[in-house]
Amino acid sequence: MKPIVPHRRRFLTAAAGLVAAAALGGCDRLAGTAFGRRALKLGEDANLFVQRLLLTPASLAREFPESAISAYFKPNGTIDPTDRDYKALVAEGFGSFRLELGGLVERPLSFSLEQLRALPARTQITRHDCVEGWSSIGKWTGVPLAELLQRAGLKPEARYIVFHCADTMELAGGGLEGGTSEAGDDEAGGTPIRYYESIDLTDAYHPQTILAYAMNGKTLPVEHGAPLRLRLERQLGYKQAKYVMRIAVVDSLAGIGDGQGGYWEDRGYEWYAGI
Amino acid sequence: MFRHPLVIRLAHWINVVCLAILLMSGLQIFNAHPALYWGAASTFDSPALAITSDQDAKGEPRGIVTIGERTFDTTGWLGLSPSEGTLAERAFPAWSTLPAGQDLATGRRWHFLFAWAFVINGLVYLLYGLGSGQLRRRVIPDRDQIRDIGGSIREHLTLHFPEGEEAKRYNVLQKLTYLVVVMVLLPVMVLAGLAMSPGMDAALPVLTDLFGGRQSARSVHFIVANLLVLFVIVHVVLVLVSGVWNNMRGMITGWFAIAPPGAGARTGETR
Chain P
1 MKPIVPHRRR
11 FLTAAAGLVA
21 AAALGGCDRL
31 AGTAFGRRAL
41 KLGEDANLFV
51 QRLLLTPASL
61 AREFPESAIS
71 AYFKPNGTID
81 PTDRDYKALV
91 AEGFGSFRLE
101 LGGLVERPLS
111 FSLEQLRALP
121 ARTQITRHDC
131 VEGWSSIGKW
141 TGVPLAELLQ
151 RAGLKPEARY
161 IVFHCADTME
171 LAGGGLEGGT
181 SEAGDDEAGG
191 TPIRYYESID
201 LTDAYHPQTI
211 LAYAMNGKTL
221 PVEHGAPLRL
231 RLERQLGYKQ
241 AKYVMRIAVV
251 DSLAGIGDGQ
261 GGYWEDRGYE
271 WYAGI
Chain S
1001 MFRHPLVIRL
1011 AHWINVVCLA
1021 ILLMSGLQIF
1031 NAHPALYWGA
1041 ASTFDSPALA
1051 ITSDQDAKGE
1061 PRGIVTIGER
1071 TFDTTGWLGL
1081 SPSEGTLAER
1091 AFPAWSTLPA
1101 GQDLATGRRW
1111 HFLFAWAFVI
1121 NGLVYLLYGL
1131 GSGQLRRRVI
1141 PDRDQIRDIG
1151 GSIREHLTLH
1161 FPEGEEAKRY
1171 NVLQKLTYLV
1181 VVMVLLPVMV
1191 LAGLAMSPGM
1201 DAALPVLTDL
1211 FGGRQSARSV
1221 HFIVANLLVL
1231 FVIVHVVLVL
1241 VSGVWNNMRG
1251 MITGWFAIAP
1261 PGAGARTGET
1271 R
């Protein structure tokens, strides 16, 4: 028996080393498989399930006093869309801007900025939490999304609200990212993929879910999403779509982009961004 | 002696996997914005800690860690480190993050999945530990141990550990360390993580208040992660020097050999 022990120990040490190395290298390969992706999504499913249990429609995101407003609110994502149509809107001060609201509604509607400002408004000073980890505090004024949805009237099969935005993120077929090219141009190398996001009806009717047209008491600046940006205060920054042009009510996210519900969601980020 | 019941052994090894994945995916997430702040929001021009890169006087790139007003050159390790044959500008090096490349989305998915595994495993451990009396036996020092804490410190400094009857229970420093890790550091880690969630902040605002704001919670999460790494290093070193095969057999099969007093638990020792 005696000589076997050192062998066994050496074997066990080597085996443990191999397992550790394989585990580390294997993690990335596992994450690339369909099973791996599905398994990794379980965490998001659990987060959504538990947070929905804990949150009531009346659970408001924390609101801050004026004194807490960040001196510098970091603009992120697209900060200056290069799209030709959008630039034309900026040039004329969004005078001809119309927010379109359609899809599974009884009455498709369109609103000018002036009409939106005449509707009931909500002002909230909230913390914007970026998925990267930083936070900034700002004051947002806008019309609650619920006001618009009530006016349009949802059809019974309505499940999700999709926001279509003006800013090109990339060109389908390997174009430049970040809208650095002349993205209004289809010839530039493909169809522009513009930002899109989606939320479900629970969040759509939450009192703090607003389409903001003002920030810190001034007209919403271009770098923060003029003329309209979604505020969805109980979730992370990438859910707060900027440059919102069109709202579509749908029964499924399958037909939106690659089917995960948003630009970043189609690139691996969670659809439910409450954590 | 039979030292570790099956539930404890399983929980221990599941925890090893969870903590390794949580640490590495956590470093991946940190790399997306490698700076820490105190309070609710970020003060971008005056972080409490930042891991960045810039150029030295000769124009050579270098990695820098800034803590308050002080900077440290950490080229090769933090801020600037080798990756795929070149020097990459990233806070934590590729070998320490999951995934290795910059990929916040996948890092988050690993982190949340294994956070759930860690919490469930931890609850099973605590419930079993409380119900069976194992937890009290493992983390609460006996009265005579408290009285002789100086002796235990001496033993650790000379890397000489109890033998015989005394080796049947954990020593006092060991118990106190496990007490702090199991009852303080790990729960604080989970709570600080939850306090960063905008959804949790709406559901349970007192949690974020407890840490003094979301950015403070993020800093606490980072600091406690460092303390846990420190614990694991000390833990592994002590496992190695106090009889690695006996310790490993104990945590794998449950059976731990008690050497008779003076026999010399470590081979080669003469009387």
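Taken in sequence, the protein lines are chains P and S. Position 211, counted from 1, in the first sequence is what my numbering calls 211; the numbers after and before it change by one each time, with no gaps. In short: position in the second sequence from 1, add 1000, done, that's my numbering. Glycine included, C-beta positions come from ideal geometry on N, C-alpha and C.
Can you give the beta carbon distance from residue i to residue j, rounded, assuming they're within the 8 angstroms contact cut?
i        : j        : result
T1096(S) : L1087(S) : Strictly speaking, residue 1096(S) in this sequence is Ser, with Thr absent from that position. Wrong, their Cβ atoms sit about 15 angstroms apart, outside the cutoff.
V249(P)  : L42(P)   : Actually they do not touch by this definition, with Cβ atoms about 29 angstroms apart.
T209(P)  : P144(P)  : 7 angstroms
L1049(S) : T1066(S) : 7 angstroms
L201(P)  : L230(P)  : Actually they do not touch by this definition, with Cβ atoms about 15 angstroms apart.
V1188(S) : V1119(S) : Rounded, the Cβ-Cβ distance is 13 angstroms, inconsistent with contact.
Counting only C-beta atoms, is residue i closer than 8 angstroms to chain P at any point?
i        : result
G1243(S) : no
I1146(S) : no
I1029(S) : yes
G1151(S) : no
W1110(S) : yes
G1250(S) : no
G1199(S) : yes
P1187(S) : no
R1090(S) : no
W1255(S) : no
Q1215(S) : yes
R1009(S) : no
W1038(S) : no
Is it the case that the CB of residue i approaches a heavy atom of the ligand ADP more closely than 7 angstroms?
i       : result
S110(P) : Although the ligand ADP was asked about, the structure shown includes no ligands whatsoever.
Quick one: is residue i near chain S, going by C-beta distance under 8 angstroms?
i       : result
S67(P)  : no
Q240(P) : no
Y263(P) : no
K139(P) : no
A14(P)  : no
Q124(P) : no
S59(P)  : yes
L89(P)  : no
A146(P) : no
R9(P)   : yes
C165(P) : no
D251(P) : no
Y195(P) : no
G268(P) : yes
W134(P) : yes
Please name the residue or residues paired with residue i in a DSSP beta bridge.
i        : result
G142(P)  : R122(P), A212(P)
R1138(S) : DSSP lists no partner for R1138(S).
S1083(S) : T1086(S)
R229(P)  : A212(P)
L1230(S) : L1230(S) pairs with nothing; no bridge assigned.
F163(P)  : E197(P), I247(P)
I990(S)  : In this structure chain S extends from 1001 to 1271, so residue 990(S) is not present and cannot be described.
F111(P)  : L99(P)
P1162(S) : DSSP output for P1162(S) lists no bridge partner at all.
S1053(S) : G1063(S)
E170(P)  : I193(P)
L55(P)   : According to DSSP, which records beta bridges pairwise, L55(P) is partnered with nothing at all.
H128(P)  : S136(P)
- Message: With three or more beta-carbon pairs closer than 8 angstroms as the criterion, would you say the stretch 242-257 of chain P touches the stretch 1097-1106 of chain S?
- Response: no
- Message: Taking 8 angstroms as the cut-off, does the stretch 83-99 of chain P touch the stretch 212-230 of chain P (at least 3 CB pairs, one atom from each stretch)?
- Response: yes
- Taking contact to mean at least 3 C-beta pairs separated by less than 8 angstroms, is the stretch 90-98 of chain P in contact with the stretch 229-237 of chain P? no
- Query: Should the stretch 1210-1221 of chain S be called in touch with the stretch 1029-1047 of chain S, which here means at least 3 C-beta pairs below 8 angstroms?
  - Reply: yes
- Message: For the structure I just gave you, are there three or more beta carbon pairs, one from the stretch 62-69 of chain P and one from the stretch 123-136 of chain P, closer than 8 angstroms?
- Response: yes
- Taking three-plus beta-carbon pairs below 8 angstroms as touching, is the stretch 1177-1187 of chain S in contact with the stretch 1154-1161 of chain S? no
- Stretch pair the stretch 72-79 of chain P + the stretch 1130-1144 of chain S: three plus CB contacts closer than 8 angstroms: Three or more Cβ pairs closer than 8 angstroms define a contact, and the stretch 72-79 of chain P falls short of that threshold against the stretch 1130-1144 of chain S.
- Message: So, does the stretch 1045-1061 of chain S touch the stretch 252-268 of chain P, judging by three or more C-beta pairs under 8 angstroms?
- Response: no
- Task: Could you tell me whether the stretch 1001-1014 of chain S touches the stretch 1244-1260 of chain S, where touching means 3 or more Cβ pairs closer than 8 angstroms?
- Result: yes
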